[in-house]
Each structure stands twice: as structure tokens, then as C-alpha cells.
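Have a look at the structure below before the remarks.
Protein chains: 2
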Amino acid sequence: MTTTTWNGAHRLLQAARARGIDICFANPGTTELTLVSALDDVPGIRPVLGLFEGVCTGAADGYARVSGKPALTLLHLGPGLANGLANLHNARRARSPVVNIVGDHATWHLPFDAPLTSDIDSFAKPVSKAVIHLRDGASLLAQLQEAFDIASGPNGAVVTVIAPTDVMDAKVADAAPALPAQAPGKDAVPDGDIAAVAAALSRKRPLILLLGADALTERGQRAAARVASALSARLLMESYPAIVSLGGDLPRLERLAYFPQDVLKQLGDATVVLVGAKAPVSYFGYEGQPSALVPSDRVIELSRPDQDSVAALETLAARMEVPALAAETAATPVVPSDTGGAGPLSPVDVVDDLIDRLPEGAIISLEGSTLGGPFLQRAYRARKHRVMTNTGGAIGQGLPCATGAALAAPGARVVSLQSDGSAQYTVQSLWTIAREKLPVTVIIAANHRYGILQTELKRADASIDGDVTGRLTRLDNPRVDWTALAQGYGVPAIRVASRRDLQQALEQGFDEEGPFLIQVDLP
Amino acid sequence: MTTTTWNGAHRLLQAARARGIDICFANPGTTELTLVSALDDVPGIRPVLGLFEGVCTGAADGYARVSGKPALTLLHLGPGLANGLANLHNARRARSPVVNIVGDHATWHLPFDAPLTSDIDSFAKPVSKAVIHLRDGASLLAQLQEAFDIASGPNGAVVTVIAPTDVMDAKVADAAPALPAQAPGKDAVPDGDIAAVAAALSRKRPLILLLGADALTERGQRAAARVASALSARLLMESYPAIVSLGGDLPRLERLAYFPQDVLKQLGDATVVLVGAKAPVSYFGYEGQPSALVPSDRVIELSRPDQDSVAALETLAARMEVPALAAETAATPVVPSDTGGAGPLSPVDVVDDLIDRLPEGAIISLEGSTLGGPFLQRAYRARKHRVMTNTGGAIGQGLPCATGAALAAPGARVVSLQSDGSAQYTVQSLWTIAREKLPVTVIIAANHRYGILQTELKRADASIDGDVTGRLTRLDNPRVDWTALAQGYGVPAIRVASRRDLQQALEQGFDEEGPFLIQVDLP
Chain E
1482 MTTTTWNGAH
1492 RLLQAARARG
1502 IDICFANPGT
1512 TELTLVSALD
1522 DVPGIRPVLG
1532 LFEGVCTGAA
1542 DGYARVSGKP
1552 ALTLLHLGPG
1562 LANGLANLHN
1572 ARRARSPVVN
1582 IVGDHATWHL
1592 PFDAPLTSDI
1602 DSFAKPVSKA
1612 VIHLRDGASL
1622 LAQLQEAFDI
1632 ASGPNGAVVT
1642 VIAPTDVMDA
1652 KVADAAPALP
1662 AQAPGKDAVP
1672 DGDIAAVAAA
1682 LSRKRPLILL
1692 LGADALTERG
1702 QRAAARVASA
1712 LSARLLMESY
1722 PAIVSLGGDL
1732 PRLERLAYFP
1742 QDVLKQLGDA
1752 TVVLVGAKAP
1762 VSYFGYEGQP
1772 SALVPSDRVI
1782 ELSRPDQDSV
1792 AALETLAARM
1802 EVPALAAETA
1812 ATPVVPSDTG
1822 GAGPLSPVDV
1832 VDDLIDRLPE
1842 GAIISLEGST
1852 LGGPFLQRAY
1862 RARKHRVMTN
1872 TGGAIGQGLP
1882 CATGAALAAP
1892 GARVVSLQSD
1902 GSAQYTVQSL
1912 WTIAREKLPV
1922 TVIIAANHRY
1932 GILQTELKRA
1942 DASIDGDVTG
1952 RLTRLDNPRV
1962 DWTALAQGYG
1972 VPAIRVASRR
1982 DLQQALEQGF
1992 DEEGPFLIQV
2002 DLP
Chain G
1482 MTTTTWNGAH
1492 RLLQAARARG
1502 IDICFANPGT
1512 TELTLVSALD
1522 DVPGIRPVLG
1532 LFEGVCTGAA
1542 DGYARVSGKP
1552 ALTLLHLGPG
1562 LANGLANLHN
1572 ARRARSPVVN
1582 IVGDHATWHL
1592 PFDAPLTSDI
1602 DSFAKPVSKA
1612 VIHLRDGASL
1622 LAQLQEAFDI
1632 ASGPNGAVVT
1642 VIAPTDVMDA
1652 KVADAAPALP
1662 AQAPGKDAVP
1672 DGDIAAVAAA
1682 LSRKRPLILL
1692 LGADALTERG
1702 QRAAARVASA
1712 LSARLLMESY
1722 PAIVSLGGDL
1732 PRLERLAYFP
1742 QDVLKQLGDA
1752 TVVLVGAKAP
1762 VSYFGYEGQP
1772 SALVPSDRVI
1782 ELSRPDQDSV
1792 AALETLAARM
1802 EVPALAAETA
1812 ATPVVPSDTG
1822 GAGPLSPVDV
1832 VDDLIDRLPE
1842 GAIISLEGST
1852 LGGPFLQRAY
1862 RARKHRVMTN
1872 TGGAIGQGLP
1882 CATGAALAAP
1892 GARVVSLQSD
1902 GSAQYTVQSL
1912 WTIAREKLPV
1922 TVIIAANHRY
1932 GILQTELKRA
1942 DASIDGDVTG
1952 RLTRLDNPRV
1962 DWTALAQGYG
1972 VPAIRVASRR
1982 DLQQALEQGF
1992 DEEGPFLIQV
2002 DLP
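Going down the list, the protein sequences come from chains E and G. Here the first sequence stands for residues 1482 to 2004, where the numbers follow this note's numbering. Here the second sequence stands for residues 1482 to 2004, where the numbers follow this note's numbering.
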């Protein structure tokens, strides 16, 4: 390190490093170059380049979900932030801590309305728990401290930090002192509240425990299983968990359904106990269907997402005097007797073949319902693994989230289980995956249509074969060749249309040290 | 057409059609399906699907620049809008009329904070002159009328129209009546103001006419040339025109430089007459350099961008009694004596070979400085053509703008002259170009680096070879294979590294009825 004088950019990075941040997902421009240069001077923060900002923000989300730690992003003014917003929306819904650094013009240049000037605050607010404008070298540490504290609070949050070039360039007196680390952690559920819930539960049957947030960790699930066994309750997970452990000897979780009619049927007349989950609402509003899917008199809240659901469940189990349960019989994936053949593939075939071969400790980034639905129904049969889902519905989350997860968990196999339509929104992720040589196996369900839109049109008794409805829901003509795209970005790839080829491809992919893409042709 | 009852979506589209709108760039989701179905019932609006929203908004911008008419977009809630914001930022800076339709949840579903709920207004405001929430069937026509009027006002503008599903689904009494068309057009510069400018000009030397907006049309330039000849003034165009006619017998225009030092040198002590252009400001703020590049006492405004610069120039010329000038000698592109060879290519080689072969009436979408800078210096030598540039600096504008231009000008050859870094942000455009079989020749300057960032680092005496500065400005390792990406999206492609191969590829591309991509390897 040859730097002898420090500037605002150094101080920002030193403060981040002092708070344990070790990675920065960047797509910089001219206004971020002082920060780029400073990354060369401040050791310990790994720079990862994305060719598009949605790759960076989605990777920061995935990194946070797997590591529990915030990552930095580095984006270029309002338009760079704009390109990253969709995945910040998902990060917000996942309650992922992200410190989202957005460079800006020098403060004295802003009044001149140069081409790249825009209202960054207005872009940032919908996804950010706080938007902080760095003011000057003297205030910088306190402002960053605030940013890290909010991002790593009981609810993880996106905090957008706007870094003007003059503040980054300004000399500061010395290197940043160590920042007091904030003890991260969720708020405790008061004992009295747990006692009240226990009393209320004793009078209600049937019961469902709906698990979200940290209730979906291994320890949370085991405590939930104890409570459920004492109450003869069913265990459900929220529809779109940020991250959930599944398989192996973990309890089998039903997934909360998607369409309101299905949720109503699934829940029946049960009382729903919320454990780190929100009360079920319909994903979209449908005429004639309720938005809130459980009447409030059938909802009991044990813990909010910002509260410590694990401790609450363990306290509740202890209060009920439920002994630790024998773990579920560890699932032993069985290679199906149908080991191949050249017939066409179904989504369930793909999921079964994946589950049979999924390495212990794998992390799945799941986007799209074609494979995602069947996978979550059958994941209990796999070796123990973790699954991340699209929490906010902003598509283009799967590939970037897989990228961030692989960087957060070196040594783990990451599988990006992905629909072809949604994969397009952040297809540039493939380049970052190739560049960083990440062990990501990408499985593209290539049905060349927006399947969910065709399903919705059918549900509404509308045609899917009109000139326009056809044109706007089919992705054929031309069909995207995913193996060519992968090759273009430096990821080896193969296309399969039969079960035998799929099984071979999965084995080949899991043998690769780096990435591999499998285009699975589906009807 | 089998529809016998009309709903809000029909009415919206009927109103758009009545106002002359004939195209909709769409990336719909569940909340937009009523509008998708309605497009099947209301004839005359061509649906064009983009695989990413930035393709749709950039195409709407390009369509507007070439046709002068607004296009519709159709985007999916806040996250879909978010993905389209960067190119709406460019559209705003281009003063392009765009009616940006964003679907939303049913109004009665919004309070339940379903996953895709977000603050759409906050996302939309920075790029929109107005954000209009459609309220109900009864108000819809008046609200749309307002949207079209604002979008097509003297300054073209982006208007965001938020369309909740319940308002789109609601039955309306009848088909929409024809809307009174607003006479589009710019405001006239008052004669007295023109007289005052004429008087002021008579006392100032040297003079520069800085042309922007409609002063860059053919008629505007010819009138400007008359004025310039009477005043011995130089003719400059703004740095980033939305669209400018060049070549053939048009006057030769200098382009306003990029870096402030270069602009100060270029302008010298001249008085700058603004004709549809804003006073020059530095693109970024640099310590020690001014933001405003001309002192206010050396600026005279003939016309603002929202005013009729053509009429103002013609009135001024008439007042000065300048006769019509003989047209410039029409440039006859000369095939350079160096017709090939196998040596490495330079950007100037690429530009020269393109200019020599550029068909009359072509439209160039230009993004990135590697080829863009040399092209705009030498374009006067080409056959008459039009050039669109990146008006707002939000990168990822070139390919979508080319897409929209090709749809607005059937029969014209469109060239997307594109740097490789910026092409990545909306690479999905290639699929829409292939699907619509558009005559777009894409030329990718493949130098595998963010050249502008390396230039800026050098200007700041910073290293470009540090671990991080190297990593974040070089796009090698792996190098993107653009021919593979093009093939993946259905666009035929070739890679060239010598002048002879480039010339053959250009001729092959211009012979194609549909698209063709040329990856030009540059050092």
C-alpha cells in the first residue's frame, strides 16, 4: 500500500471493512472511480464486476441470504441505481442487509443538470429503509455507522448511500478508526407474549404453524416440529422464503400455495400461527377472491420476522414440555428405476433427477414455477440443502442470487434452477459466474413461453392463441439457444431433451469445478 | 372482432389508437393481461415483445425520435417499470414523447402489501413529466387525453400512466369516442425576441451557433447555414443530439466536445447562440474545471428546445436578407484506396469503411465513444442519413433505440454502432430484432474494456493496472463472444479483425433483409 493520504473513499471502505464487509458487487462509472481506486488501497474487500447492475444487486442479496452479512454494491448515479432496483425490491422483501453505494456528481455540479443528473432519492426510496447522502469527510463515519446499523438491524434492510465525487475525493485526516460493531440479532419475543400464545393455542384445533424468516433455519424447524407434534399442528413454510433448509433429516414442510383458491383449500378452517411469517395474502388481487386469505380471528402471531423466532419456538416447546424429537429419518435419495430412456422430459423428471444427485450442502436458487413448484414439493427427499426463492416477484433474481450465494459459501455446489423467461432479465450474470469460476450449475427450463401468463389467461377464460396473446406469451420464433448464450459468456453448456441425457449432464455439471449450464427442453 | 362489451383496457387502447398511436412495446405480467387480451380486440396497435423492459422503453424512445409520435409501453408493476427507467431517463433527455403504461394491482388489493407492491410513483417521477393513476371508467378518457397532451407537448415528455387491474377490467358503456387530436408543435419564438437577438448579434464576433432539437433537422440546418454565412459564425451541434441529419449536401457541423478542457478550447472567446440547445455544461464535475462552460455574458438564446427553432432561424435569415445558399457539394463517399489487407483494425478504419458503404437514408443508433467519436467527426462525408445518440448517459440505449427506429421507418437501413460494454445492458434487444426481422446491422466495437473509465483514470493520474482498477475496467477473462450471443438470439453474425473482412461483412450485412451482427475486434 503506497497511499499516504486518505480521502473520503478510503474512509468509506475502511469503515465497511471494520464492520466485517468483505465484498463489493460493482458496475462503476466515472463518478465512482475514486472508490474504485480506493479499493486497490484498502485490503480485504473483494471487487466483483457485473456487466449489468441487476447482477450486482441480486448478487448482494444472495450473498446476504447465505452469509447473513451485508455486501456493498457500487452503482453509477441514478440510471445505474435504476437498473439495480428490481433486485433491490427482492432484497427488501427478503429482508437482506445490503449497503447500496450510489455514486453521484460533485455536489457543486448538481445544479447544472448535466445529462446524468436525476432524482436519485426518488428512485431509491421504495427499496431503501434509509437513503443517506454522504455530506463531508467529518460526518462520514457517523453516517456510515448509521447505514450499517440500519442494514443489519432486526429486519435486514437495503440502505442506499449516495456518495458524491467531491466527498469521496476530499482528503481526510487519517485512516478510519475501528467502528463499534453493532451486535446483530433479532428482537426477543417477550416471555409474556409467548405464554399468551401458548394459552391461546391450547384452545384451538386444527392448527397450522406457518414458518418464515429464521423459523426456516434448521434449528427453527426442529423447534417448530416439537411444538407441532405437541399440538398436532401442520408445518407450512411461506410461499417465497428468502432462504430455507430442506431435505435430509429435517421435518417435511408443506409450502403455502400460490393461487388464493388453493390457499383457502389448503388452510381449511385451521387457525394459523405465524412464526416469522406474515399472514397469507393473495399474490395478486382476483375479482371475487379475498386478498387476506385467513380471517383475523383465525390468526395467532407468535413472532414477527424481525423477532427471534427460534428462541420463541424453543421457549414455547419447553413450556409445553415437549422433548426433543427424533430427527426425521434422513432421506436417502433413491435413483429411480427409470434411469433414462430417450422419451420427452417432464418437469417432475427434471426435479427427480436433480434431487437424486444433489450434493449435501448444496444451495438452490430457484426462480420460476415450471421447475420451482415441483422442486419445493419434493425437496424433502433430497440430501440436506438450502433453497432461496424470489421473495418480491421482480423477475431476474435467480441467476444473480446464485452468483452471490456461491461467493458467500465457497465449496458449496450452487444450482440455479431457472425458468427461461425470467433468466433473460439478468442473463449477463453468466459472465460474472464464468469470470469468478463459480461452481454454479444452471438448469434452464426451456419451454419457450411465459407459462404463468398462459396459466392466468386460461384461468380468466381468455384465449392464449389470439394474435396478440400468442405473440406476447410465446417465446418461440426464434427460440433462444441457451447453449450459445452460455458459450458467449464463457460458461460450458449442453442441451438435453431426454432423461438419459439429463442425468449425464447433471453428473457432468456436478463434476465441473466451475460453472455449467444445462438447457432442458420441455414441452 | 367478437367482443361486444368493452372494458377499461379496450377504452385505453381505443383512445390511444384515436390519437394515432400504432405500436406498443410490451413486457407484460399478470396485472397487464386484460390489456394484452384487449390488444387482440382493438386493431391497429402493433404489439412488440421485449425480453427485458429496458428494451421496450428504449425502443419507444427510438420510435418517437424517428417518427415524432409517441409509442405505448406496457410494463409490469413497479419492478417492471424499474427495469425500464434507465432508458426512460434517456427518453426524457431526448424529449421523446412516450406514454408509459404500468399495470398495477387492483386498487382494493394494494393495502395488503403483496410481494409485488411498491411505490410506483416514486420510481416513475424522476423520468416522468406526469404520473397519472387511472381512476375509473368514467374518468379514463379525460385522463388519457391529458397524458397524450403532455407527452406530445412542445417539449416531448414521458408520461407514466398507472393502470390498476380493476380499472382495466371494469365494464364501460361503449367504445371510446374519437379524442380531439391536439395539434402537436412547438411554441413560436416571438418576433420581438428574434429582432432583439438579431440586434445583439450584429455587435458580437466571433460567433458560434449551437444547434439542438429541431434545429438539427434538415430544414433547421439549412436555415442555420444561411444565418451562419451572414454572420461568419461556426455551426456546432450539441454533444448528444436526440436525432440529427448529417451527410449528403447538408452543412458540415462540428460536434460540441466532451471534456470541459476541450470545450473551452473549442469555443475560445466566441459568443454562443443557443438554437434549441442548452448552454454547454461539463458532463461531469471535475475539480478545478467550471461546470458552466460559457460565461452568461457570452450566451445569447435564440430558441429554447420547446420552441420552433426552424421558424426562428428562417425568420432571422429573412431579416438579415440572406438568400438561400447553394447546398454544400454533396459528399461522394470515396472508397479509400486502402481496400483491405489483413492488418489490425483501428476505430477510424471501421468508421471510414462504414461511411463509404452507408446507404442513403440510413439511421444510425450510436452508443459508446470508441466508434461514436470518430463517426460524428467524419459523418459529413457520408450519404445523407440520421444519427441518434445517447442523450442521457444511461447506457444500454443503443440497441433498443435501433429497434424502435427500424419499426418507425420501414425500408430504412438501421445501423447500431455500439461499444461492447454498453451493449450488454440491453443485450436482449437482439431477440426482438430477430423476431421482428428488422433490417438492423449491429456493429460491436469489441475492445473488451470500459474504455471511458480507463481514459478517466489516466486523466486523474490513477493507475489502470491495479488489481482492482484492472479488474473493474477490463472485460477480458473471459472475453464475450458476440457472435455466439447473436446466434443465441437468432441474429446471424460474423467476427472480423481485418479491414478486408470488415468490408465484406458490411456488404453482407447491408445485403441482408433482416439483421446481421458484426463483432469488430479492436485493440
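The C-beta atom is built at its ideal place from N, Cα and C for all residues, glycine as well.
* To do: Give every residue of the same chain whose Cβ lies closer than 6 Å to the Cβ of G:G1971, excluding the five residues on either side of it in the sequence, and list them in chain order.
  => A1915
* For G:C1505, which residues does DSSP report across the bridge? -> G:P1528 and G:L1553
* Looking only at its own chain, which residues have a Cβ that is under 6 Å from the Cβ of E:S1572, when we skip the five neighbours before and after it? -> Inspection of the sequence shows that residue 1572 of chain E is occupied by Ala rather than by Ser. So the qualifying residues of the chain are D1542, V1579 and V1639.
* For chain E, find out if any of its Cβ atoms is closer than 8 Å to the Cβ of G:I1999; answer yes or no. => Not closer than 8 Å to any Cβ of chain E, the Cβ of G:I1999 fails to qualify, so no.
* **Contact residues within the region 1604–1623 of chain G, judged by C-beta distance below 9 Å to chain E** => F1604, A1605, K1606, P1607 and V1608
* To do: Would you mind sorting G:A1677 into buried or exposed? The rule is 16 or more other CB atoms within 10 Å of its CB.
  => exposed
* Asked: If you draw a straight line from the C-alpha of E:L1682 to the C-alpha of E:D1789, how long is it?
  -> 19 Å
* Asked: Can you name, in chain order, every residue of its own chain whose Cβ lies under 6 Å from the Cβ of G:G1510, other than the five neighbours on each side?
  -> H1557
* Asked: What residue range is occupied by the uninterrupted alpha helix (DSSP H) comprising E:M1649?
  -> T1646 to D1650
* To do: Give every residue of the same chain whose Cβ lies closer than 6 Å to the Cβ of E:Y1931, excluding the five residues on either side of it in the sequence, and list them in chain order.
  => Taken in chain order, the residues that qualify are G1902 and T1954.
* At 7 Å on the CB atoms, spell out the chain E contacts of G:F1533, in chain order. => Q1905 and Y1906
* Asked: Since E:T1641 sits in a beta bridge, which residues does DSSP pair it with?
  -> E:N1581 and E:V1612
* **Those runs of the beta strand (DSSP E) which lie wholly inside the region 1741–1794 of chain E and span at least 3 residues** => 1752–1756 and 1780–1784
* Please say whether G:A1694 and G:G1757 have beta carbons closer to each other than 8 Å? => yes
* Asked: Between the region 1544–1553 of chain G and the region 1610–1618 of chain G, do three or more beta carbon pairs fall short of 8 Å?
  -> Between the region 1544–1553 of chain G and the region 1610–1618 of chain G there are fewer than three C-beta pairs closer than 8 Å, too few to call the two in contact.
* Asked: Is E:S1846 helix, strand or coil by DSSP?
  -> strand
* Asked: Just reading off the beta strand (DSSP E) that E:S1900 is part of, what are its end residues?
  -> V1895 to S1900
* Asked: Which residues of chain E have a Cβ atom closer than 8 Å to the Cβ of G:D1948, listed in chain order?
  -> D1521
* Asked: Just curious, the beta strand (DSSP E) that G:S1726 is in, first and last residue?
  -> V1725 to L1727
* **N-terminal and C-terminal residue of the beta strand (DSSP E) that E:F1997 is part of** => F1997 to D2002
* Compare the Cα-Cα distances from E:I1845 to each of E:L1794, E:I1724 and E:Q1624 and report the closest residue. => With distances taken between Cα atoms, E:I1845 lies closest to E:I1724.
* **Residue interval of the beta strand (DSSP E) (run including E:L1688)** => L1688 to L1692
* Asked: Which term fits G:W1589, buried or exposed, when burial requires 16 or more other beta carbons within 10 angstroms of its beta carbon?
  -> exposed
* Checking contacts by CB at 8 Å: is G:S1850 closer than that to chain E? -> no
* CA-CA distance, G:P1959 and E:W1912? -> Distance between G:P1959 and E:W1912, taken at the CA atoms: about 8 Å.
* Whole-angstrom Cβ separation of E:V1744 and E:L1774, contact assumed at under 8 Å? -> Cβ atoms of E:V1744 and E:L1774 come within 8 Å of each other, at about 5 Å.
* Go through the region 1904–1953 of chain G residue by residue and report every complete run of the beta strand (DSSP E) that reaches 3 residues or more, in order. => Every unbroken stretch of the beta strand (DSSP E) spanning 3 or more residues and falling wholly within the region 1904–1953 of chain G is given here in chain order: 1921–1927.
* Asked: Around the Cβ of G:G1769, are there at least 16 other Cβ atoms within 10 angstroms (buried) or fewer (exposed)?
  -> With fewer than 16 Cβ atoms within 10 Å of its Cβ, G:G1769 is classed as exposed.
* **Rounded separation between E:S1777 and E:A1887 - CA only** => A straight line joining the alpha-carbon of E:S1777 with that of E:A1887 spans about 40 Å.
* **Members of the region 1766–1789 of chain E near chain G, C-beta cut-off 9 Å** => G1766, Y1767, E1768, S1772 and A1773
* State yes or no: is the beta carbon of E:R1684 nearer than 8 Å to at least one beta carbon in chain G? => no
* DSSP puts E:I1975 in a beta bridge; with which residues? -> E:I1999
* Residue-chain proximity (G:A1567, chain E), Cβ-Cβ < 8 Å -> yes
* For E:A1497, which of helix, strand or coil comes out of DSSP? -> helix
* Quick one: is G:I1581 near chain E, going by C-beta distance under 8 Å? -> For the sequence presented, residue 1581 of chain G should be read as Asn rather than Ile. Judged by the 8 Å Cβ criterion, G:N1581 is not in contact with chain E.
* Asked: For a contact meaning CB atoms closer than 8 Å, what does G:P1973 contact in chain E?
  -> Here the premise fails: no neighbours, minimum Cβ distance about 11 Å.
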